[in-house]
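Have a look at the structure below before the remarks.
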Amino acid sequence: MSEKVLLVDDEVDFLELMEERLVARGVEVSTSSSAEDALARIENDLFDAVILDLQMPGMNGLEALKRIKERSPEIQVILLTGHATVEKGVEAIKLGAMDFVEKPADLEMLSEKITKAHKKKMLIVEKDSRDRVIDALKRYGF
Amino acid sequence: MMNDSLMKTGLHYFGTMSASISHEIKNRMAVINEQAGLLKDLVLLAEQGREIDLDRLMRLAESLKNQVALTDGIIKNMNSFSHTVDSFQRSTDLGEVISLAVALSKRTADNKGVGIECRLPESSISIVTAPFLLMNLVWLCFETMMPFADMEHPVIVGGEKSETGVTIMLSTTQWPEGSGPDLPETIVSIAKALHAEIIINADEKQIRIELGAGG
Chain A
2 MSEKVLLVDD EVDFLELMEE RLVARGVEVS TSSSAEDALA RIENDLFDAV ILDLQMPGMN
62 GLEALKRIKE RSPEIQVILL TGHATVEKGV EAIKLGAMDF VEKPADLEML SEKITKAHKK
122 KMLIVEKDSR DRVIDALKRY GF
Chain B
5 MMNDSLMKTG LHYFGTMSAS ISHEIKNRMA VINEQAGLLK DLVLLAEQGR EIDLDRLMRL
65 AESLKNQVAL TDGIIKNMNS FSHTVDSFQR STDLGEVISL AVALSKRTAD NKGVGIECRL
125 PESSISIVTA PFLLMNLVWL CFETMMPFAD MEHPVIVGGE KSETGVTIML STTQWPEGSG
185 PDLPETIVSI AKALHAEIII NADEKQIRIE LGAGG
C-alpha cells in the first residue's frame, strides 16, 4: 500500500513541484495552500502523514498541528520551516509533531520520513483496533 | 543622533525585517531546490529510456528564471534597506521610501492575515529625511492599524506633497470606534526625532505623518 500524504504550504510553486516529485516516487499526494483547507481535507480523507509549513498566512503551522492532533492523533505530522530553531522544534515535538525539517529539504530524506510516518500510523491503527477488540471481548465476558 | 530608546526601537525593526527577508529567501531557495531535484529526476528517467518532455523542461526553465527574478527583487530590497542606515539624514524619494517600507512589511502582514498596499505619488517627491527612521515610523503606524485591517480591508499607504512638506497617509476602511487607535510611545518618539507631526484623522480613517520640507 502506498503512503498517503497531504502537503500544506502557501507557496503554490513549491507544492506543485513536491507533489510531482513525490508522485513519481509512488506516494499518493494531496495538496492544500492553507491550514484551514488542510483541516477540512483531514475531516473527509485519511492520510498517513501531513507535511506542514510552519509559517503561513492565517492559521500558522503550530496551531494547525495542534488541531490536526486533536482531531486525528494517529496522523503523523512533519513540520517544514525556513529556520529551524531549537525552541520551535521543541514546541512542535511537544505538540505531537513526528519531525521538524528545515527548508530547503532533501526529498530523499523526506521520503524516508514519510515511509516511517506510514509505518508508525499503521502501528497506531493496528494497536487501536486490537485494543477495541480486546475491549469488546471483555465486555461480552470472554 | 539617535538616543537609546530610538536605537532599541530601530534595532527591533531592523531585526524583524531582516528575519522576514531571510524567510522569504529561504522560501525561494526551497522552490529552486525542488526545481533542481525535478531536473535530476527527469535526467534519471531519461537514462532509463523515458523520452524527455521538452515542453516540461522549457516550463521548468521559465519557472526557474521567475524564481531567480523574485529572489533578486527580495535581495535588492534587502540591499536598499541596509543602505538606509548609511547616513542619518539624506535626500531621498518619498515614493521609494513608501514602496520599500510596504514591500518589507508585506510578509509579516500576510502571516497575520492583513493586507498592505501602496499608492505612490504620481511624480517624484524629493525629501530630506532620515529614511531608516521614517520607514520605522511607517512600520509602527502600520502595526498600530493592523488589528483593524484584514485581507479584504487592507491598510493603504500613500504619500503626497503638502503645503509645508510631505504627508504619508496610512488608511483602512475599518476603523476603531471613537477617535482612533492609541499611539504607542515609540511612534511619538520617532516622530519627534523626525520633526514630524502625527495626526489621527478619524473622518478619513487615517493616520497622517506630516513631515516638514527639511524632514
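The listed protein sequences correspond, in order, to chains A and B.
First residue of the first sequence: 2, per the working numbering; consecutive thereafter.
First residue of the second sequence: 5, per the working numbering; consecutive thereafter.
Each residue gets a CB set at the ideal place from its N, CA and C atoms; glycine is no exception.
Closest residue to residue i among the options (Cα-Cα distance)
{"i": "cysteine 122 of chain B", "options": "B:Met150, B:Leu174 and B:Thr75", "result": "B:Leu174"}
{"i": "glycine 163 of chain B", "options": "B:Ile131, B:Gly182 and B:Pro180", "result": "B:Ile131"}
{"i": "arginine 94 of chain B", "options": "B:Leu124, B:Pro151 and B:Phe136", "result": "B:Phe136"}
{"i": "tryptophan 143 of chain B", "options": "B:Ala113, B:Asp207 and B:Ser67", "result": "B:Ala113"}
{"i": "isoleucine 213 of chain B", "options": "B:Asn83, B:Val72 and B:Asn140", "result": "B:Asn140"}
{"i": "serine 33 of chain A", "options": "A:Ala137, A:Leu23 and A:Val51", "result": "A:Val51"}
{"i": "arginine 26 of chain A", "options": "A:Ser112, A:Ile125, A:Asn61 and A:Leu66", "result": "A:Ser112"}
Reduced DSSP secondary structure (H/G/I, E/B, other) of residue i
{"i": "isoleucine 94 of chain A", "result": "helix"}
{"i": "leucine 8 of chain A", "result": "strand"}
{"i": "methionine 173 of chain B", "result": "strand"}
{"i": "proline 58 of chain A", "result": "coil"}
{"i": "threonine 88 of chain B", "result": "coil"}
{"i": "glutamate 208 of chain B", "result": "coil"}
Local Cβ density within 10 Å of residue i, reported as buried at 16 or more and exposed below that
{"i": "glutamate 147 of chain B", "result": "buried"}
{"i": "glutamate 38 of chain B", "result": "buried"}
{"i": "tyrosine 141 of chain A", "result": "exposed"}
{"i": "glutamine 52 of chain B", "result": "exposed"}
{"i": "leucine 47 of chain A", "result": "exposed"}
{"i": "histidine 119 of chain A", "result": "buried"}
{"i": "glycine 77 of chain B", "result": "exposed"}
{"i": "serine 128 of chain B", "result": "exposed"}
{"i": "glycine 58 of chain B", "result": "It is leucine, not glycine, that sits at residue 58 of chain B in the sequence shown. It is exposed - the Cβ of leucine 58 of chain B has fewer than 16 other Cβ atoms within 10 Å."}
{"i": "methionine 99 of chain A", "result": "buried"}
{"i": "lysine 128 of chain A", "result": "exposed"}
{"i": "valine 134 of chain A", "result": "exposed"}
Bridge partner(s) assigned by DSSP for residue i
{"i": "glutamine 77 of chain A", "result": "A:Ala50"}
{"i": "aspartate 97 of chain B", "result": "B:Ser130"}
{"i": "glutamate 201 of chain B", "result": "B:Glu214"}
{"i": "lysine 165 of chain B", "result": "B:Val170"}
{"i": "serine 33 of chain A", "result": "A:Val9"}
{"i": "phenylalanine 101 of chain A", "result": "A:Leu80"}
{"i": "isoleucine 120 of chain B", "result": "B:Val159"}
Cβ-heavy atom distance, residue i to the ligand NAD, below 7 Å
{"i": "isoleucine 120 of chain B", "result": "The ligand NAD is not among the ligands present in this structure, which contains no ligands whatsoever."}
Closer than 8 Å, Cβ to any Cβ of chain B: which residues of the segment 37-68 of chain A, in chain order?
-> Gln56, Met57, Pro58, Gly59 and Asn61
Can you give me, in chain order, the residues of the segment 138-158 of chain B that have a beta carbon less than 7 Å from any beta carbon in chain A?
-> none
Report the residues of the segment 39-53 of chain B with a CB closer than 7 Å to any CB of chain A, ordered along the chain.
-> Gln39, Gly41, Leu42 and Asp45
Using a Cβ-Cβ cut-off of less than 7 Å, list which residues of the segment 7-25 of chain A approach chain B; keep chain order.
-> Those would be Glu12, Asp14, Phe15, Leu18, Met19, Glu21, Arg22 and Ala25, in chain order.
Taking a cut of 7 Å between CB atoms, which residues from the segment 108-129 of chain B lie near chain A?
-> Of all residues in the segment 108-129 of chain B, the ones placed with a Cβ closer than 7 Å to any Cβ belonging to chain A are Asp114, Asn115 and Gly117, in chain order.
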